[in-house]
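Asker: Right, I'll just put the structure down here and ask away after.
In full-length UniProt numbering, the protein residues as written are 1 to 313.
Take a look at the structure:
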């Protein structure tokens, strides 16, 4: 083989090598751009979840912070919380709190979004004003509502007293406390629903309504056959996010009732908080948190599956 042949062979080899590196770089470039985001998610979301799962299988208490020793107990924490008399109560309260909050938040939010879709004076100002409950710190809102619903000096009972209605123990009666907490959470969640649903309504083409009006589709008929199918994807997002957020509500309940009276407002989230930061049994608190995560994931997956199977009109 001559020197010229060797030179051509070396040049071809370098060309193949350069082409291979170019292909690898092209494939790796998207991953390099997403690497910071993936690192952030892994550090601040992935690691805490994994650590929480591991902690739920350990006897993790305050002494662990000093000794670094957390005995492995397997499923003991899960068996303890699932067999506890309080688990059924918290599960039912969580379901009632979530269903009641989401139902009224969505219905009222959709009604207000449809109302604000019409152009009228001060509509922009009123929409901005409606966002105030959403912008306030939740613990501050719960403190204000606790004063408003106070049995003795609350503004609501004083107003009802003008009509001869006796004072209502909104937050101290076990049969009414959960309803009172749900009412406050509805008030806090309406702005979120209005903001998202209003943006979805704005994206519906006006041509659809004009074409529907020619066929006599107005009012409820237009809403059923034009508006609702057009915002179905937005509705799915609102409900799924609303449920996931409502399931983990802690500060509102703690600020209003602390989970009482007689555990009538105790939910899975508040029970996990009490186990971890009141009783300092971090293992059982982590186990309850994992149950809550599983409930959230199951609901999200089931709802998304059902919404995708619904026929599009």
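In this text, a Cβ means the ideal position worked out from N, Cα and C, and glycines have one as well.
Predicted model only: the values in this text are computed from it and were never measured.
1) What does the alpha-carbon distance come out to for the pair residue 127 and residue 207?
2) Does DSSP classify residue 58 as helix, strand or coil?
3) Let me check understanding here. Comparing Cα to Cα, which of 286, 303, 292, 306 lies closest to residue 51?
4) Can you confirm whether the segment 105-120 touches the segment 180-191 when touching is taken to mean that 3 or more C-beta pairs between the two stretches lie within less than 8 Å?
5) What's the call for residue 284, buried or exposed, on a 16-neighbour Cβ count within 10 Å?
6) What do you get for residue 71, buried or exposed, if any count of 16 or more other CB atoms within 10 angstroms of its CB means buried?
7) For the alpha helix (DSSP H) containing residue 177, name the first residue and the last one.
8) Does the pairing of the segment 106-121 with the segment 193-205 give three or more beta-carbon distances under 8 Å?
9) Should residue 271 go down as buried or exposed, given a rule of 16 or more other Cβ atoms within 10 Å for buried?
10) So residue 274 and residue 56 are in contact, right, with Cβ under 8 Å, and what is the actual spacing, rounded?
11) Express the C-alpha separation of residue 113 and residue 124 in angstroms, rounding to a whole number.
12) Is it the case that the segment 234-248 contacts the segment 127-147, given that we only count it when at least three CB pairs across the two stretches are under 8 Å?
13) Among the candidates 44, 94, 138, 160, whose CA atom is the shortest distance from the CA of residue 178?
14) If you run the structure through DSSP and keep just helix, strand and coil, what is residue 170?
15) In whole angstroms, give me the CA-to-CA distance for residue 312 and residue 48.
16) Counting along the chain, where does the alpha helix (DSSP H) carrying residue 72 start and finish?
17) Could you check what DSSP says for residue 23 in three-state terms: helix, strand or coil?
18) Closer than 7 Å, CB to CB, is residue 218 near chain E or not?
19) Within the same chain, show all residues whose beta-carbon is closer than 7 Å to that of residue 100, passing over the 5 residues directly before and after it, in chain order.
20) Could you have a look at residue 360 and say whether DSSP puts it in helix, strand or coil?
21) In angstroms, rounded to a whole number, what distance separates the CA positions of residue 180 and residue 78?
22) Assess contact between the segment 226-236 and the segment 155-166, defined as three or more Cβ pairs (one per stretch) separated by less than 8 Å. Is contact present?
Answerer: The structure says:
1) Answer to the nearest angstrom: the Cα atoms are 25 Å apart.
2) strand
3) 286
4) yes
5) buried
6) exposed
7) 177-202
8) Touching, yes.
9) buried
10) No, residue 274 and residue 56 are not in contact; Cβ-Cβ is about 16 Å, not under 8 Å.
11) 12 Å
12) Cβ pair count under 8 Å is below three, so no.
13) Relative to the Cα of residue 178, the nearest Cα in the group 44, 94, 138, 160 belongs to 94.
14) coil
15) Here residue 312 scores only 49 on pLDDT, less than 50, and its place in the model should not be relied on; the value that follows carries that caveat. Straight-line Cα distance between these residues: approximately 39 Å.
16) Careful: residue 72 lies outside any alpha helix (DSSP H) and carries neither H nor E.
17) In the structure shown, residue 23 sits in a helix (DSSP, three-state: H, G or I).
18) The chain inventory of the structure shown lacks chain E, comprising one protein chain alone.
19) 182
20) It is not possible to answer for residue 360, since the shown part of the chain is limited to 1 through 313.
21) 31 Å
22) no
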